[in-house]
Amino acid sequence: MSAIEFKNLSKNYGPLLALNDINLSIEEGEFFGLLGPNGAGKTTLISILAGLCRPSHGHVKVMGHDVQTDFRAARRLLGIVPQELVFDPFFNVRETLKFQSGYFGINNNDAWIDEIMHHLGLTDKADKNMRALSGGMKRRVLVAQALVHRPPVIVLDEPTAGVDVELRQSLWKFISRLNQEGHTIVLTTHYLEEAEQLCNRIAMLKKGQIVALDSTANLLKRVKNPNAKDGDL
Ligand code: ATP
């Protein structure tokens with residue numbers, strides 16, 4: 001069974017075709033990269049996956065559960081790290097993570113919350129209010145929040161945009177460990193170098209269409225070969 005399956009997925013925003021007939025299966029255990037320039041449709045694809053917006057055509061399934069018709073089951077299987085830093089400013093870090101656990105009906109989650117905070121360098125910020133954290137620290141909480149219910153599929157939408165080297169390294173170390181333990185990881189990024197280091201397979205999205213889909217090694221060969229057919233990658 002695929003971890004995520006997009007089937008004939010299209011999305012119109014009025015006259016704009018943001019996604020144009022996307023067909024893509026991401027297998028369980030993959031570290032999958034979704035690359036593309038600004039406006040390619042990456043966030044729209046993730047938003048549909050997260051149930052935040054409806055596709056105009058087609059459907060998406062998470063481990064066999066259709067996001068449109070079986071949302072609660074699909075959502076439970078997903079840990080989503082969105083781009084926007086949206087929190088209750090009056091919660092502290094631990095309360096934020098406990099609240100998220102409560103959303104999934106998990107009450108005794110303190111040991112796992114402590115472990116996540118440790119790996120993301122948040123332990124000494126546990127009692128700080130969200131409004132008093134720096135942007136980079138807030139981004140760490142965003143990642144922690146996505147992991148509280150131990151989702152088998154983790155989707156990160158440009159998680160390292162504007163964050164320092166230290167967070168990048170600790171984040172990738174932790175996410176790579178989760179991947180080695182069997183979690184499926186989907187990462188959207190603008191940076192081929194980042195995807196190259198982490199992902200086993202990459203899809204390149206351009207103007208709402210997949211223009212290349214291959215193993216990272218093959219894709220790099222094509223990008224670096226000036227005679228490649230996909231010269232406009
Ligand atoms: P970025 O790398 O800049 O985040 P992206 O690949 O995530 O870009 P999307 O944010 O999915 O791209 O945008 C795809 C297209 O859809 C863009 O042309 C964008 O302007 C348009 N778009 C996105 N959201 C909306 C919306 N709510 N209403 C209208 N148009 C939208």
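Here the sequence shown is numbered in full-length UniProt numbering, starting from 1 and rising by one per residue.
Every residue gets a Cβ at the ideal spot worked out from N, C-alpha and C, and that includes glycine.
As the structure is a computational prediction, the values presented were derived from the model and not from experiment.
Which residue comes first and which comes last in the alpha helix (DSSP H) that contains residue i?
i, result
"E115", "D110 to H119"
"residue 266", "Outside the shown range of the chain (1 to 233) lies residue 266, about which nothing can therefore be said."
"G135", "G135 to L147"
"E5", "No alpha helix (DSSP H) holds E5; the beta strand (DSSP E) holding it covers S2 to Y13."
"F71", "F71 to R76"
"L34", "Careful: L34 lies outside any alpha helix (DSSP H), inside the beta strand (DSSP E) at F31 to L35."
"L45", "K42 to L49"
"Q68", "From DSSP, Q68 is part of no alpha helix (DSSP H); its letter is neither H nor E."
Using CA atoms only, rank isn't needed, just tell me which of the options is closest to residue i.
i, options, result
"D66", "G136, A3, V186 and L171", "A3"
"K42", "L167, L24, R94 and E30", "L24"
"Q197", "L220, I210, L178 and L77", "L220"
"D88", "Q180, L16 and K138", "K138"
"G64", "D164, M1 and N38", "M1"
"H57", "E95, E84, Y13 and A74", "Y13"
"R72", "F90, F104 and R201", "F104"
"M130", "E166, F90 and N108", "F90"
"L85", "I175, H190 and V163", "V163"
"R54", "L9, P37 and P15", "L9"
"K224", "C199, L34, Q83 and L192", "L192"
Considering residue i, what are the terminal residues of the beta strand (DSSP E) in which it resides?
i, result
"M204", "R201 to K206"
"E181", "Premise fails: E181 is in no beta strand (DSSP E) and is neither H nor E."
"A212", "Q209 to S215"
"S56", "Unbroken run through S56: none, as it is neither H nor E."
"A161", "From DSSP, A161 is part of no beta strand (DSSP E); its letter is neither H nor E."
"E27", "L16 to E27"
For the putative contact between residue i and residue j, defined by C-beta atoms under 8 Å, what is the C-beta separation to the nearest angstrom?
i, j, result
"I46", "V60", "10 Å between Cβ atoms; not a contact."
"K11", "A18", "5 Å"
"L187", "L147", "With a Cβ gap of about 14 Å, L187 and L147 do not count as contacting."
"A195", "T216", "7 Å"
"L122", "V141", "7 Å"
"L52", "V62", "Actually they do not touch by this definition, with Cβ atoms about 14 Å apart."
"T160", "E28", "With 8 Å as the limit, T160 and E28 do not qualify as a contact, their Cβ atoms being about 24 Å apart."
"A40", "K206", "5 Å"
"F31", "N179", "5 Å"
"L97", "I113", "5 Å"
"V81", "V143", "5 Å"
"I26", "I210", "With 8 Å as the limit, I26 and I210 do not qualify as a contact, their Cβ atoms being about 12 Å apart."
"G79", "P151", "4 Å"
Indicate whether at least one CB of chain C lies closer than 8 Å to the CB of residue i.
i, result
"Q197", "Among the protein chains of the structure shown there is no chain C, as only one such chain exists."
Discussion item. When you compare the stretch 114-128 with the stretch 165-176, are there three or more beta-carbon pairs, one atom per stretch, that lie closer than 8 Å?
Written reply: yes
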